[in-house]
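Numbering (the working numbering), first residue to last: 1 to 660.
Here is the structure:
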């Protein structure tokens with residue numbers, strides 16, 4: 001038994017832990033000793049073997065949410081493209097495959113530019129259209145903007161972000177990059193997961209005429225029991241989308257034929273989408289189906305290339321996009337955890353370790369829920385205070401080490417920067433669980449903008465809402481370009497905008513209408529909603545070391561925080577880290593649907609030992625056990641010693657990578 005003792009948590013309640021273990025069943029004690037012995041020998045059992053192998057590459061890596069889309073990246077590299085070109089090809093392919101996103105959604109990216117030696121943020125998030133105000137939704141009896149339908153749509157961001165990234169940092173033409181997606185739109189054998197998703201959503205999709213024709217090609221009014229969606233392996237065709245993509249390529253071709261340069265030719269395609277015939281059809285069909293987007297909204301929207309935000313964790317520089325995403329929440333959590341004397345000594349996924357992570361996330365996510373929003377609209381979010389190490393120390397001191405704090409509240413970061421707090425009254429009235437979060441019977445948040453759809457019938461459950469949306473993309477090349485992307489929006493069930501074949505975003509639902517919930521994230525025309533989408537990148541000694549992203553709504557920065565610590569603190573390789581067990585907290589306010597919060601709810605993976613679960617329950621957690629506790633993580637680690645890349649993709653879902 002003595003062998004077990006040194007690895008027990010070195011904390012003030014260590015004696016209590018020893019007492020509890022001494023009273024445990026002998027088999028549990030032996031199992032605990034086996035785990036601890038493995039840890040002492042440097043081979044953690046929980047991460048010793050992986051389902052998928054590490055991807056080793058020297059010249060390039062392409063990783064994303066679907067095998068066919070990863071192939072599109074590989075084909076683009078083979079054509080002489082760099083990592084940005086390959087990223088754009090994978091983005092186009094995943095959008096065409098509706099890999100939890102569509103062409104009318106949004107794209108968020110971090111790019112390492114080896115020429116300027118800087119990380120660049122790409123803001124390809126659409127904005128609230130004309131007429132989208134707090135009053136507009138409240139007058140219609142809504143507690144939040146709708147989950148579904150044309151009224152849920154922000155302006156499309158993915159086409160613009162793709163073309164701007166390509167023009168600024170790629171080397172290939174738009175025709176070359178869109179080639180795989182055009183071929184897929186002409187018809188590709190659909191995978192079972194997406195085909196079944198279409199069938200599962202058939203009742204809602206059938207309400208919108210253009211969506212019905214795309215997603216339900218076998219719909220038969222005379223035989224309502226017949227399957228309406230395609231089946232696995234069937235060739236799924238999207239001819240309207242194909243024609244839209246071909247029109248973009250033709251606009252580029254004509255500009256080149258007229259003597260325009262590469263960037264100007266891509267700009268011609270951009271103008272066709274946002275100001276030309278495509279824009280006109282998109283606006284017509286959106287408004288026909290109850291939406292608000294206007295031609296002026298499309299014309300004035302712009303992709304932003306902007307500096308990311310960053311912090312350091314034990315000398316590692318970690319980069320995220322700013323407060324129009326939830327990205328800074330991971331930076332805040334790292335700042336808080338940096339105050340732990342020895343995080344690794346707590347033991348990988350011990351009750352003490354999981355409690356520490358959960359409490360650090362509570363504090364960071366409470367700040368997210370109140371302070372994050374579009375920095376282009378005043379007043380400015382208190383980012384300097386939120387990311388200050390001094391503020392993190394104050395928040396760390398608020399942790400209750402014995403129990404979960406179900407009443408965790410936002411702090412006051414204005415004490416750590418210049419300026420007065422503009423919303424002290426709202427801060428005092430903020431509550432961890434939104435008022436009336438479970439209310440029913442209103443013509444509410446899930447309305448699709450059509451009287452044909454009842455108020456509660458198609459609403460996502462709290463569980464669905466928490467995991468909603470997104471894929472991820474990682475790409476890197478030997479020249480030094482590195483790209484991490486978390487695109488999303490326009491997932492099924494999506495409203496298709498007429499003959500464009502473009503599926504509209506549902507991102508309006510991430511706004512709130514009550515300033516007490518978040519005064520920085522209220523809708524108004526031209527404003528971006530605060531989204532969950534959060535690519536990550538880390539540098540060591542000024543060089544790219546880690547590129548990582550994940551799908552999964554509000555779970556994203558929870559998953560990425562644990563992935564990062566798996567690599568940094570526990571020495572896992574990239575594939576071990578993406579397959580490792582995570583915890584999932586539901587204590588923060590959901591960014592979707594009814595914006596529910598469930599303080600104390602904690603989901604752990606089924607391989608979490610029973611004594612760890614028992615200890616967590618004693619600490620006040622409502623513990624659930626599941627096989628899956630993370631979205632699919634994709635990542636690349638750069639091995640500077642050998643000049644190679646290590647790629648990883650989670651062992652569930654269909655995320656896939658190809659390297660050379």
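Cβ coordinates follow ideal geometry from the N, Cα and C atoms, glycine included. Bear in mind the structure is a predicted one, so any value in this text is a computation, not a measurement.
Inset, instruction - Give me the Cβ distance between residue 714 and residue 309, rounded to the nearest whole Å; I'm assuming they're in contact under 8 Å. - result: Missing from the structure shown is residue 714; the chain here goes from 1 to 660 and no further.
Inset, instruction - Determine the DSSP secondary structure at residue 197, reduced to helix, strand or coil. - result: The answer is helix: DSSP assigns residue 197 an H, G or I state.
Legend entry - Burial state of residue 590, where buried means 16 or more other Cβ atoms lie within 10 Å: buried
Legend entry - Inside the region 299-374 only - beta strand (DSSP E) runs reaching at least 3 residues: 304-306, 309-313 and 316-320
Legend entry - Cα-Cα separation, residue 50 to residue 481: 28 Å
Legend entry - First and last residue of the uninterrupted alpha helix (DSSP H) at residue 656: In the DSSP assignment, residue 656 falls outside any alpha helix (DSSP H) and lies within the beta strand (DSSP E) extending over 656-659.
Legend entry - Cβ pair residue 474, residue 182 closer than 8 Å: Annotated as distal: residue 474 and residue 182, with beta-carbon spacing of 8 Å or more.
Inset, instruction - Would you list the one or two residues that DSSP bridges to residue 473? - result: Residue pairing from DSSP places residue 473 in a beta bridge opposite 485.
Inset, instruction - Give every residue of the same chain whose Cβ lies closer than 6 Å to the Cβ of residue 317, excluding the five residues on either side of it in the sequence, and list them in chain order. - result: Here the set comprises 310 and 539.
Inset, instruction - Given a cut-off of 8 Å, decide if residue 408 and residue 366 are closer than it, judged by their beta-carbon atoms. - result: Yes, Cβ-Cβ distance for residue 366 and residue 408 is below 8 Å.
Legend entry - Span separating the alpha-carbon of residue 331 from that of residue 386: 9 Å
Legend entry - Cut-off 7 Å between Cβ atoms - residues of its own chain near residue 340, not counting five sequence neighbours on either side: 356
Legend entry - residue 284 to residue 546 span [Cα, whole Å]: 44 Å
Inset, instruction - Could you give the DSSP three-state label for residue 524: helix, strand or coil? - result: coil
Inset, instruction - Use the C-beta contact count for residue 592: other C-beta atoms within 10 angstroms, 16 or more gives buried, fewer gives exposed. - result: Residue 592 is buried by the Cβ-count criterion.
Inset, instruction - Identify the continuous alpha helix (DSSP H) that holds residue 219 and give its terminal residues. - result: It is not in any alpha helix (DSSP H) - residue 219 carries neither H nor E in the DSSP assignment.
Legend entry - Backbone secondary structure at residue 154 - three-state DSSP: coil
Legend entry - According to DSSP, residues forming a beta bridge with residue 123: 108 and 304
Legend entry - Exposure label - residue 116; buried when at least 16 CB within 10 Å: exposed
Legend entry - Pairwise C-alpha distance: residue 153 and residue 519: 21 Å
Inset, instruction - Count the other C-beta atoms from every protein chain shown that fall within 10 angstroms of the C-beta of residue 259, then say buried if there are 16 or more, exposed otherwise. - result: With a 10 Å radius around the Cβ and a threshold of 16 neighbouring Cβ atoms, residue 259 comes out exposed.
Inset, instruction - Please check the pair residue 147 and residue 596, which I expect to be a contact at CB under 8 Å, by giving their CB distance rounded to whole angstroms. - result: The pair is not a contact, with the Cβ atoms about 13 Å apart (cut-off 8 Å).
Inset, instruction - Run the CB neighbour count on residue 389, radius 10 Å, all protein chains shown included, and call it buried at 16 or more, exposed below. - result: exposed
Legend entry - Within the region 613-642, ranges of the beta strand (DSSP E) (whole runs, at least 3 residues): 622-626 and 633-639
Inset, instruction - Provide the residue(s) that pair with residue 188 in DSSP beta bridges, ordered along the chain. - result: 236
Inset, instruction - Identify, in the order they occur along the chain, each residue of the same chain with its Cβ nearer than 8 Å to the Cβ of residue 164, setting aside the five sequence neighbours on each side. - result: 122, 124, 270, 303 and 305
Inset, instruction - Under 6 Å Cβ to Cβ from residue 29, same chain only, skipping five residues before and after it: list those, please. - result: Caution is warranted here: a pLDDT of 34 is assigned to residue 29, below 50, making its placement in the model unreliable, and the coordinate value is therefore given only provisionally. Closer than 6 Å at Cβ, skipping near neighbours: no residue.
Inset, instruction - Excluding the 5 residues preceding and the 5 following residue 477 in the sequence, name in chain order all residues of the same chain whose CB lies nearer than 6 Å to its CB. - result: 60, 82 and 83
Inset, instruction - Would you mind sorting residue 575 into buried or exposed? The rule is 16 or more other CB atoms within 10 Å of its CB. - result: buried
Legend entry - As assigned by DSSP and simplified to three states, the class of residue 212: helix
Inset, instruction - Kindly indicate which residue of 296, 291, 255 and 485 has the alpha-carbon position closest to the one of residue 279. - result: 296
Inset, instruction - Helix, strand or coil for residue 55, going by three-state DSSP, please let me know. - result: strand
Inset, instruction - Could you tell me the distance, in whole angstroms, from the CA atom of residue 348 to the CA atom of residue 403? - result: For residue 348 and residue 403, the distance between alpha carbons rounds to 19 Å.
Inset, instruction - Could you check the C-alpha separation between residue 143 and residue 626 for me, to the nearest Å? - result: 32 Å
Inset, instruction - Could you check what DSSP says for residue 727 in three-state terms: helix, strand or coil? - result: Absent from the structure is residue 727, since the part of the chain shown begins at 1 and ends at 660.
Legend entry - Close beta carbons around residue 219, own chain, < 7 Å, minus the five adjacent residues each side: Closer than 7 Å at Cβ, skipping near neighbours: 206, 212 and 228.
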